[in-house]
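What follows is a short report on a single structure.
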Amino acid sequence: IEKFEKEAAELGKGSFKYAWVLDKLKAERERGITIDIALWKFETPRYYVTVIDAPGH
Numbered sequence: 001i002e003k004f005e006k007e008a009a010e011l012g013k014g015s016f017k018y019a020w021v022l023d024k025l026k027a028e029r030e031r032g033i034t035i036d037i038a039l040w041k042f043e044t045p046r047y048y049v050t051v052i053d054a055p056g057h
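With the UniProt record's numbering applied, the sequence shown covers 1 to 57.
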């Protein structure tokens, strides 16, 4: 997260640090919108979690 925070701050978008975990395209980061679907899956001892970032939500 620290890496994303630094990169976002350099572009004047410091509040976007968490969005950039899934926003990988340069255009997404520059424009502040989601263009492509992204998934991130992980599990805890009790749950399977899928984080989805999709355009238009």
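Note that beta-carbon positions come from the ideal geometry of N, C-alpha and C, so glycine has one too.
All of these numbers come straight from a predicted model, not from anything done at the bench.
message: Can you tell me where the alpha helix (DSSP H) holding Ala-54 begins and where it ends?
response: Taking the sequence shown and counting its residues from 1, the one referred to as residue 54 is at position 54. No alpha helix (DSSP H) contains Ala-54, which DSSP labels as neither H nor E.
- prompt: Which runs of the beta strand (DSSP E) fall wholly inside the segment 22-53 and span at least 3 residues, in chain order?
  reply: 38-43, 48-53
task: Assuming Thr-50 contacts Lys-41 (C-beta within less than 8 Å), just tell me the rounded distance between them.
output: Taking the sequence shown and counting its residues from 1, the one referred to as residue 50 is at position 50. Taking the sequence shown and counting its residues from 1, the one referred to as residue 41 is at position 41. That pair is a contact at about 5 Å.
field: Spatial neighbours of Asp-36 in its chain, beta-carbon cut-off 8 Å, leaving aside the 5 residues before and after
entry: As a position in the sequence shown, residue 36 is number 36, starting the count at 1. For Asp-36, the CB contacts under 8 Å within the same chain, skipping 5 residues up- and downstream, are Lys-24, Leu-25, Glu-28, Pro-55 in chain order.
task: Kindly indicate which three-state DSSP category Gly-12 falls into: helix, strand or coil?
output: Here residue 12 corresponds to residue number 12 of the sequence shown, with the count starting at 1. Correct three-state label for Gly-12: coil.
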